[in-house]
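For reference, the structure is listed below as structure tokens.
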Amino acid sequence: METKRVVSLSPSAYAGLKRVEVFKTNVEREEDAHYLLLLLFHRFPSFDVHFDLEDCDHILRIEGGMISNDLIISFLSGYGYECVALV
42 METKRVVSLS PSAYAGLKRV EVFKTNVERE EDAHYLLLLL FHRFPSFDVH FDLEDCDHIL
102 RIEGGMISND LIISFLSGYG YECVALV
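Okay, so the sequence shown: first residue is 42 according to the numbering used here, each after it adds one.
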């Protein structure tokens with residue numbers, strides 16, 4: 042009989058790990074991206090935030106600890122931009 046090995050981490054073990062979330066947006070202009078970066082840096086100072094406007098999906102990439110996709114989507118929507126998490 043085979044014994045299954047289970048490896049798990051408690052949520053506190055993830056505290057030091059960075060997550061990366063990628064979003065498709067409708068941000069097309071560099072000026073808009075810079076404006077949103079300032080807002081995102083102010084609201085989420087512990088995150089690294091980058092736009093890739095050359096990508097056809099106008100990618101927003103966020104790296105940090107506990108990232109809430111819903112919060113990011115809601116934040117951008119509040120400024121009139123579309124934002125969809127890519128899985």
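All residues carry an ideal CB built from backbone N, CA and C; glycine is no exception.
8 Å Cβ cutoff met for residue i and residue j
{"i": "Ile103", "j": "Phe92", "result": "no"}
{"i": "Leu117", "j": "Leu77", "result": "yes"}
{"i": "Ile100", "j": "Lys65", "result": "yes"}
Endpoints, the alpha helix (DSSP H) within which residue i is located
{"i": "Gly119", "result": "Asn110 to Gly119"}
{"i": "Leu127", "result": "Premise fails: Leu127 lies in the beta strand (DSSP E), Cys124 to Leu127, not in any alpha helix (DSSP H)."}
When the options are compared against residue i, the one with the closest alpha-carbon
{"i": "Leu58", "options": "Ser118, Ser115 and Ile108", "result": "Ile108"}
{"i": "Glu69", "options": "Tyr122, Ile114 and Leu112", "result": "Tyr122"}
{"i": "Gly105", "options": "His99, Leu81 and Leu117", "result": "Leu81"}
Rounded distance between the beta-carbons of residue j and residue i, thought under 8 Å
{"i": "Glu71", "j": "Leu94", "result": "7 Å"}
Chain C contact for residue i (CB, 8 Å cutoff)
{"i": "Val61", "result": "In the structure shown, chain C cannot be found, because there is only a single protein chain."}
Separation of residue j from residue i, as counted between CA atoms
{"i": "Leu79", "j": "Asn67", "result": "17 Å"}
{"i": "Val90", "j": "Arg84", "result": "11 Å"}
{"i": "Asn110", "j": "Ala74", "result": "18 Å"}
{"i": "Gly119", "j": "Leu112", "result": "10 Å"}
Residue span of the beta strand (DSSP E) that contains residue i, given as start and end
{"i": "Phe92", "result": "Asp89 to Asp93"}
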